[in-house]
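S.K.: In my numbering, the protein residues as written are 3 to 73.
So this is what it looks like as structure tokens:
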């Protein structure tokens, strides 16, 4: 997962709550593969949205990122 840090990925939003949006890449299976969490600027996201994210951090199983600027 460390190799994904600094990359830009398209992800689908699986869940949104007050703390973060839980997402996964198109290649990841729900409830099996790791998640990507967006914990800033996620308030306007909805389940099912596909967004572009810049990956900032990798853990053992999950990634953390932020919404990429609109182009």
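Yeah, the Cβ is synthetic: ideal placement off N, Cα and C, and Gly gets one too.
Would you say residue 25 and residue 14 are within 8 Å of each other, going by their C-beta atoms?
M.R.: The answer is yes: Cβ separation under 8 Å.
S.K.: Give me the Cα-Cα distance between residue 36 and residue 46, rounded to the nearest whole angstrom.
M.R.: C-alpha separation (whole angstroms): 23 Å.
S.K.: Quick one: residues in its chain with C-beta nearer than 8 Å to the C-beta of residue 57, no 5 flanking neighbours on either side, listed in chain order?
M.R.: Cβ within range, chain order: 6, 7, 8, 9, 10, 11, 38, 65, 66, 67.
S.K.: Spatial neighbours of residue 1 within its chain, please: C-beta separation below 8 Å, excluding the five flanking residues on both sides.
M.R.: This structure gives no information on residue 1, because the portion of the chain shown stretches from 3 to 73.
S.K.: Determine whether the beta carbon atoms of residue 21 and residue 41 lie at a separation below 8 Å.
M.R.: For residue 21 and residue 41, yes; Cβs fall inside 8 Å.
S.K.: From 31, 44, 32, pick the residue whose C-alpha is nearest to that of residue 55; which is it?
M.R.: When only C-alpha atoms are compared, the closest one is 44.
S.K.: Which two residues bound the contiguous beta strand (DSSP E) that contains residue 18?
M.R.: Element bounds for residue 18: 10-18.
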